[in-house]
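Just so you know, the protein sequences line up as chains A and B, in that order. Just so you know, we're using our numbering here: the first sequence kicks off at 841 and counts up by one. Just so you know, we're using our numbering here: the second sequence kicks off at 841 and counts up by one. Backbone N, C-alpha and C fix where the C-beta goes; we use that ideal spot for every residue, glycine too. As structure tokens, the structure follows; a few thoughts come after it.
Protein chains: 2
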Amino acid sequence: MTKKSTHTVWHHASISRSDRESLHNHKSAILWFTGLSGSGKSTLAHAVEKYLHKIGVSTYVLDGDNVRHGLCSDLGFTDSDRAENIRRIGELAKLMTDAGIITLTAFISPFMSDRDTARKLVPDGDFLEIYCLCPIETCEQRDVKGLYKKARAGEIPLFTGIDSPYQAPEKPELTVNTQEQSLSASVEHVIKLLVQRGLIDDVRS
Amino acid sequence: MTKKSTHTVWHHASISRSDRESLHNHKSAILWFTGLSGSGKSTLAHAVEKYLHKIGVSTYVLDGDNVRHGLCSDLGFTDSDRAENIRRIGELAKLMTDAGIITLTAFISPFMSDRDTARKLVPDGDFLEIYCLCPIETCEQRDVKGLYKKARAGEIPLFTGIDSPYQAPEKPELTVNTQEQSLSASVEHVIKLLVQRGLIDDVRS
């Protein structure tokens, strides 16, 4: 091949999100879980992922475990760092969605404005806000990671629900009462939402 | 279900990278394309993606188009901002690889230390450095985006190859001579590498 023809053929050949969704045989979207520490966001997100994976859906869960020590390792917990944290997670989830993956994010994401920033990054309908509703008393009683105890002892400043506010979603796509509902019932509610939105087929039909 | 039993069943059920690779029916990895502006990184990455997509491989290309205006929109082009840019791209590619995707990154990534930082984020063998080798004279002659002209006119400071160095890889997994080779031959070399590494099956066999 001559140099000239090399020049002419070196153009972009782009695979689109819809190509990737076709390959994966389902639509992609962001499932944005929000709620207090201990409200069950991460557990629910992972359980939903397990369900989806079993029916052949490409998934990924973003949570503190894989984001805070990596992509956002330079950020702390001030309001501005929290905002930047959520901004990056939103951008990351946007790229994963573009990659044809159902992306589940499990972060407290206490501020409405930050969640709305993430929502606005993607087309309408691609961002499903799932509110893990649980009274702080129950979260504190569970205290799986011992964080409430530390926060009460003054060892963790700006802890959501203690000395930093949690702004509950006003119009989430779904509210899951994680105190009242079992995990399997909660998973079922999320899956039902995905079927209703046409993201996945109804495997029960 | 009682509150007590709710507590006991709310545990993590994690899907692993290897589960996702099984679902996608191929291994995941990072193909890190590096080279001067105009050396053909992005074009080659997109052409490789097109080839892979056609044979059913889950892929995603990270390049200036989808990263600089989003995840890294807060960064400029100083050495430290460039380093942070590459760090975030490395972390992003790591997460995408964990999601079971063959992730192709197409950034100049001129500094050896930054590329090595990205390499060290993932297990041995997951990071394949692909050097798009092309003399700067040819890149400047192509000047697809008109950037060299602007850099020569002093409108773009710290332009790689003009007033900022490009440190060529010493031991890349693959060198593609984009001046001498056609695009299709270059794609074939990359695919051959992926087959050799056991990431994808040899579709020709």
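Name, please, each residue of chain A whose Cβ falls closer than 8 angstroms to the Cβ of residue i.
i	result
residue 910 of chain B	931, 934, 935 and 961
residue 893 of chain B	855, 859, 860 and 863
Listing by chain order, which chain B residues have their CB less than 8 angstroms from the CB of residue i?
i	result
residue 1054 of chain A	The question about residue 1054 of chain A has no answer here: the residues shown for chain A are numbered 841 through 1045.
residue 906 of chain A	935 and 938
Which residue or residues does DSSP assign as beta-bridge partners of residue i?
i	result
residue 970 of chain B	B:873 and B:1014
residue 863 of chain A	Bridge partners of residue 863 of chain A: none, in fact.
residue 1004 of chain A	A:1000
residue 902 of chain B	B:945
Could you tell me whether any non-hydrogen atom of the ligand MN is closer than 8 angstroms to the CB of residue i?
i	result
residue 882 of chain A	With respect to small molecules bound, the structure shown includes none, and the ligand MN cannot be examined in it.
Name the residue from the options whose alpha carbon lies nearest to the alpha carbon of residue i.
i	options	result
residue 951 of chain B	B:867, B:898 and B:874	B:874
residue 885 of chain B	B:978, B:1042 and B:1024	B:1024
residue 1005 of chain B	B:903, B:978 and B:948	B:948
residue 996 of chain A	A:918, A:924 and A:969	A:918
residue 1033 of chain B	B:888, B:998 and B:863	B:888
residue 924 of chain A	A:902, A:957 and A:906	A:957
residue 942 of chain A	A:914, A:901, A:1028 and A:1003	A:901
residue 972 of chain A	A:1010, A:959 and A:991	A:1010
residue 977 of chain B	B:898, B:959, B:1002 and B:970	B:1002
residue 969 of chain B	B:954, B:975 and B:916	B:954
residue 944 of chain B	B:989, B:883, B:1008 and B:1041	B:883
residue 909 of chain B	A:854, A:1008, A:961 and A:914	A:961
residue 936 of chain B	A:906, A:964 and A:912	A:906
residue 896 of chain A	A:934, A:913 and A:940	A:940
residue 979 of chain A	A:994, A:1000, A:967 and A:965	A:1000
residue 1020 of chain A	A:988, A:1030, A:990 and A:975	A:975
residue 855 of chain B	A:872, A:899 and A:1031	A:899
residue 921 of chain A	A:998, A:988 and A:872	A:998
residue 871 of chain B	B:915, B:946 and B:914	B:946
residue 964 of chain A	A:934, A:911, A:992 and A:926	A:934
residue 967 of chain B	B:938, B:989, B:994 and B:988	B:938
Just to make sure I have the definition right: I need the residues of chain A whose C-beta is within less than 7 angstroms of the C-beta of residue i. Which are they?
i	result
residue 928 of chain B	911
What residues of chain A sit near residue i, judged by a beta carbon separation below 9 angstroms?
i	result
residue 1029 of chain B	None at all; the shortest Cβ gap to chain A is about 14 angstroms.
Starting from residue i, trace the alpha helix (DSSP H) in both directions and tell me its first and last residue.
i	result
residue 894 of chain A	881-894
residue 982 of chain B	976-982
residue 909 of chain A	Per DSSP, residue 909 of chain A belongs to no alpha helix (DSSP H) and is neither H nor E.
residue 920 of chain A	919-938
residue 897 of chain A	First-last for residue 897 of chain A: undefined, no H or E at that position.
residue 1022 of chain B	It is not in any alpha helix (DSSP H) - residue 1022 of chain B carries neither H nor E in the DSSP assignment.
residue 991 of chain B	987-992
residue 953 of chain B	952-960
### Message
If contact is defined by three or more beta carbon pairs under 8 angstroms, each pair taking one atom from either stretch, is the segment 918-934 of chain B in contact with the segment 856-865 of chain B?
### Response
no
### Stretch pair the segment 878-886 of chain B + the segment 981-990 of chain B: three plus CB contacts closer than 8 angstroms
yes
### Query
Are at least three pairs of beta-carbons, each pair with one atom in the segment 1003-1020 of chain A and one in the segment 886-903 of chain A, less than 8 angstroms apart?
Using a C-beta cut-off of 8 angstroms, the segment 1003-1020 of chain A makes no contact with the segment 886-903 of chain A, since fewer than three inter-stretch Cβ pairs fall below that distance.
### Query
When the Cβ atoms of the segment 863-871 of chain A are set against those of the segment 1031-1040 of chain A, are three or more pairs found closer than 8 angstroms?
yes
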